[in-house]
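All residue numbers for the sequence shown refer to the numbering used here, where the first residue is 7 and numbers rise by one.
Quick reminder that beta carbons are idealized off the backbone N, C-alpha and C, glycines included.
These numbers come from a predicted model, not from an experiment.
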Amino acid sequence: MADPDTDREGLQEGLESSRGDPRVLVILNAILSLLFAVMIVWGGSLIGALEYGLPTVAAVAVALFVLTHIMTR
């Protein structure tokens with residue numbers, strides 16, 4: 007029986023060769039963008055710079071999502 011450890015590459019090579027599932031990355035990006043948008047709009051409403059509401063949060067979340075998507079390409 008062949009030793010399974012003889013064909014293994016190092017951890018670094020494995021991580022560099024794996025691109026991951028793009029759907030997971032998109033979902034994580036969307037969730038984190040929404041959470042950051044809520045925090046940004048909430049902070050902006052505390053100082054009176056933004057109005058806290060669903061349209062404002064959605065606009066900031068979409069902007070963050072697109073920005074991070076572009077920056078990671």
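- DSSP places Glu19 in the helix class (H, G or I) of the three-state scheme.
- If you draw a straight line from the Cα of Glu57 to the Cα of Asp27, it is about 36 Å long.
- Taking a C-beta distance under 8 Å as the contact criterion, Val66 and Ala43 qualify as a contact pair.
- Counting of Cβ neighbours within 10 angstroms places Val47 among the buried residues, the total reaching 16 or more.
- For Gly54, there is no enclosing alpha helix (DSSP H), since its DSSP letter is neither H nor E.
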